[in-house]
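Novice:
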Amino acid sequence: MPKIKIKNLYKIFGPYPQRSLKKLASGISKEKLLQETGNTVGVHNVSFSVEQAEIFVVMGLSGSGKSTLVRCINRIIEPTAGEIYIDDINITQLPMKELRFFRQKKLAMVFQHFALLPHRTILQNVAYGLEIQGMEKNAREEKARAVLETVGLKDWSAAYPEQLSGGMQQRVGLARALAVDPDILLMDEPFSALDPLIRREMQEELMELQERVRKTIIFITHDLDEALKLGDRIAIMKDGLIDQIGTPEEILTNPATEYVANFVTDVDRSKILKAENIMIRPTAHVSANDGPRVALRKMKKEALSSIFVIEGDRRLAGIVTVDRAVEAVKNRVIDLRQIVETDIPVTAPGTPIQDLLPVAATARVPIAVIDEKKRLLGIIVRVSVLAGLVGGGENNNVENLTGKLD
Amino acid sequence: MWKILLVNWTEALAMRRLPLREWADYAVLFLRSNHRDLFRAISGVIETIVLSFGDFLSHIPVTLFIIILVLIAWRLAGRGMAIFTVVGMLLLVNLNLWDDTLMTLALVLTSTFISLIIGIPLGILASRWDLVEKILRPLLDFMQTMPIFVYLLPAVMLFSIGVVPAVLATVVFSMPPAIRLTNLGIRQVPAEMIEAATSFGSTSFQMLTKVQLPLALPSIMAGVNQCIMLALSMVVIAAMIGAEGLGSIVYRGVTRLQIGSGFEGGLAVVIIAIILDRVTQSLGRKSPQKDRG
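Quick note, the sequences are listed as chains A and B, same order.
Note that the first sequence covers residues 118 to 523 in the working numbering.
Note that the second sequence covers residues -11 to 281 in the working numbering.
1) Just by C-beta distance, which residues in the region 173 to 191 of chain A are closer than 8 angstroms to chain B?
2) Are there 16 or more other CB atoms within 10 angstroms of the CB of B:E10, so buried, or fewer, so exposed?
3) Measure the C-alpha to C-alpha separation of B:S31 and B:M91 and round it to an integer number of angstroms.
4) Residues of chain B with a CB under 8 angstroms from the CB of A:Q221: which are they?
5) Since B:P202 meets chain A, which of its residues come closer than 9 angstroms, beta carbon to beta carbon?
6) Since A:G269 contacts A:R288 with CB under 8 angstroms, what's their CB separation in whole angstroms?
7) What separation, rounded to the nearest whole angstrom, lies between the Cα atoms of A:A531 and A:D305?
8) For a test of the three-state rule: what should DSSP assign to A:T519, helix, strand or coil?
9) According to DSSP, is A:I145 part of a helix, a strand, or is it coil?
10) How would you list, in chain order, the residues of chain A whose beta-carbon sits under 7 angstroms from the beta-carbon of B:V199?
11) Quick one: which chain B residues come within Cβ less than 7 angstroms of A:Y202?
12) Quick one: which chain B residues come within Cβ less than 9 angstroms of A:A225?
13) Assess, as a yes-or-no matter, whether the region 147 to 165 of chain B is touched by the region 229 to 241 of chain B under the definition of 3 or more beta carbon pairs within less than 8 angstroms.
14) Chain B partners of A:G530, CB-CB under 7 angstroms?
15) What are the boundary residues of the beta strand (DSSP E) that includes A:D305?
16) Run through DSSP, which three-state label would A:P531 get?
17) Is the shortest distance between the beta-carbon of B:A210 and the beta-carbons of chain A less than 8 angstroms?
18) DSSP beta-bridge partners for B:H47?
19) Comparing alpha-carbon positions, which option in A:T333, A:N242, A:K447 and A:E153 lies nearest A:K271?
20) Confirm the yes/no value for this check: CB of B:G250, any heavy atom of the ligand GTP, distance under 7 angstroms.
21) What residues in the region 241 to 265 of chain A have a beta carbon less than 7 angstroms from any beta carbon of chain B?
22) Express the C-alpha separation of B:D25 and B:L113 in angstroms, rounding to a whole number.
23) Listed from N- to C-terminal order along the chain, which residues in the region 169 to 183 of chain B have their beta-carbon within a distance smaller than 7 angstroms of any beta-carbon of chain A?
24) Starting from B:K198, follow the alpha helix (DSSP H) in both directions and report where the run begins and ends.
25) Which term fits A:I239, buried or exposed, when burial requires 16 or more other beta carbons within 10 angstroms of its beta carbon?
26) What does B:Q194 reach in chain A if we use C-beta pairs closer than 7 angstroms?
27) Do you know how far the Cα of A:F336 is from the Cα of B:E180?
28) Give the range of the alpha helix (DSSP H) segment to which A:S179 is assigned.
29) Count Cβ pairs between the region 392 to 406 of chain A and the region 448 to 467 of chain A that sit closer than 8 angstroms; are there 3 or more?
30) Take the Cβ of A:A478 as the centre, count every other Cβ of all protein chains shown within 10 Å, and call the residue buried at 16 or more, exposed below.
31) Can you give the Cα-Cα distance for B:F27 and B:F147, rounded to whole angstroms?
32) Give me the subset of the region 152 to 174 of chain A whose CB atoms are less than 7 angstroms from a CB atom of chain B, sorted by chain position.
33) Does the contact criterion of 3 or more C-beta pairs under 8 angstroms hold for the region 324 to 340 of chain A versus the region 167 to 182 of chain A?
34) Decide yes or no for the touch test of the region 119 to 130 of chain B against the region 182 to 189 of chain B: beta carbon pairs closer than 8 angstroms, at least 3 of them.
35) Is DSSP giving B:T158 helix, strand or coil here?
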């Protein structure tokens, strides 16, 4: 059962949203709707579900409706239509009193500009949610102190927000959210207002924290790198619609729309793509039982300068270069095992290609991708490393072009 | 026929004069003859408040009074203001204006007290509901721009000469900034703070007391300050309808051409005004955290 399930969610701003909803259903364009009714569409028929302990990132540019979407989940913004289930309870139907209880216990939010109360100390800020629930002063401050310690700010409990740096303030914001021990964290661009270095630090801290607390997190951002780094899955939003939902790799390798594709062209692909994403099937290989002549013929046929040698059950034995094969034929060496080179670059399928760059730059032969049992899964030629950095999912072309060149 | 009408439409319109004048006259007469008890009751309450304030102030020994005031000025507005307070107070004693000063303070405190008790809740209501704000706005404009004498006389007719109509006229004149600045202060609380408080499940009362009012405090204190200043500016007019105090000294001085004693009274009002202004201003500016931490 998904933790959060959202079905056909709409938010229309302006007068008479219900009327506009009908028009929208009849297929009117948003520009026309704005002209006719003065209504704008914030969230347009959005459906998705989020699993327990998942970090679900919603990414989009400003005005894409992502902040509206996250505010619909705790009904800070009242959705126009659709259903939101949390633990199978439809919260769009909850009366105010129960909704308030839900907000107190289940959901907590972290804001872009921190939204700390300036007249309260850090400790009082962190204890705010507990205070609202009616928890007694000593108990709530004890709990707040404990949470402050987990975000590394226990020495600052008596300070006021204005005395803290942005990064520290957002840690307080996070602590305030965690203090109520919610099931779900809603994070609305929490790191966008921070310096790049601090931002990266906070991202890492969040991931570490998530290892421990295992909350269900909905994370809003406009930064694709951040989305790819944090997200277990990413939803890409544009004009109130979700263009694509997928894992970071799915989004990068198979952008569903042009909009998504444009987004991902800018990304530093070396951090995201792994060896298995760019490896290709070797065009030819020889068995260790074959002789040098067979190897030489295969190389000649495929115009290769080297060829991988495979033992039984696809275990990689090494590589034979064309020079040594020729020499072996001259010297009448029959066993391929005698001339095989075993000191060759290998890698695991999960290695980011960023780490492969130095290897690829110096290697004379393709990099072999092998699994734990040393079975050859594929090979990576230098060109495909570089092509992986620039191109989209056109690995097949790369294979045809470059597999033989190296 | 049409031509005549077009040319003389002003005359034609004036012939059918709206009986506003009669209505106003009638309203005052009606209230006076039919709701005597109500006005007597209001009168009693206001008089009691003024007298208690006056009583309270006059029971504090002069020396103690001045020491307390100087300490407050020192703490809130700095050393310069403390020195000014000492000199100013000694001057008031020297000019034999102390009793009148206390009378004036009692009047100002009463008016401010009533203004705030009504004004701040109205400001809160206006900040919550746009409709209340829409209704209040023209009413406040009316209260602030209607020449004071226009409602001073009916007030006298209803409450008779004395301190009560003076307090009421002062309240009408000094309440608007308290309402406006409370409303403004609450509306200016950043939306993200409201969202944060909402997202943690605050009730609207918790929102008001834990977020909105504390964050609006500087603005509300500016309203209090304005309220006091406007009340002080009314003391001479209050004196015209029988309120005792520094105002009556100024009024008497001016009407009897005793320019010198009028100046003394005026100077005393200014001294009080400066002290009250600086002290209340720094109350608003001061971030509340320093007082608690």
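From the three backbone atoms N, C-alpha and C, an ideal C-beta is built for every residue, glycine too.
Specialist: On the basis of the data shown:
1) R188 and N191
2) By the neighbour-count criterion, in which a residue is buried when 16 or more other Cβ atoms sit within 10 angstroms of its Cβ, B:E10 is exposed.
3) 18 angstroms
4) F188 and G189
5) L234, P235, H236 and R237
6) 7 angstroms
7) The requested residue 531 of chain A does not occur in the structure, where chain A is confined to residues 118 to 523.
8) Bear in mind that a pLDDT of 33 at A:T519, under 50, signals an unreliable position, so the model cannot answer this.
9) coil
10) L234
11) The premise fails here: A:Y202 is roughly 19 angstroms from chain B at the closest Cβ pair, so nothing lies under 7 angstroms.
12) S187 and F188
13) yes
14) Nothing can be reported for residue 530 of chain A: it is not among the residues displayed for chain A, which extend from 118 to 523.
15) I301 to D305
16) Since the first residue shown for chain A is 118 and the last is 523, residue 531 of chain A is missing from the structure and cannot be characterised.
17) No, B:A210 lies away from the interface with chain A (no Cβ there is under 8 angstroms from its Cβ).
18) DSSP, once it has assigned bridges, lists no residue as partnering B:H47.
19) A:N242
20) The ligand content of the structure shown is nil, which means the ligand GTP is not present either.
21) Y245, G246 and I249
22) 30 angstroms
23) Correct list: E180, M181 and E183.
24) Neither: B:K198 is in no alpha helix (DSSP H) and is coded neither H nor E.
25) buried
26) Within chain A, the residues near B:Q194 are I249.
27) 17 angstroms
28) That residue, A:S179, is in no alpha helix (DSSP H); it is neither H nor E in DSSP.
29) Yes, the region 392 to 406 of chain A touches the region 448 to 467 of chain A.
30) exposed
31) 7 angstroms
32) none
33) yes
34) Taking 8 angstroms as the limit for Cβ pairs, the verdict is that the region 182 to 189 of chain B does not touch the region 119 to 130 of chain B.
35) helix
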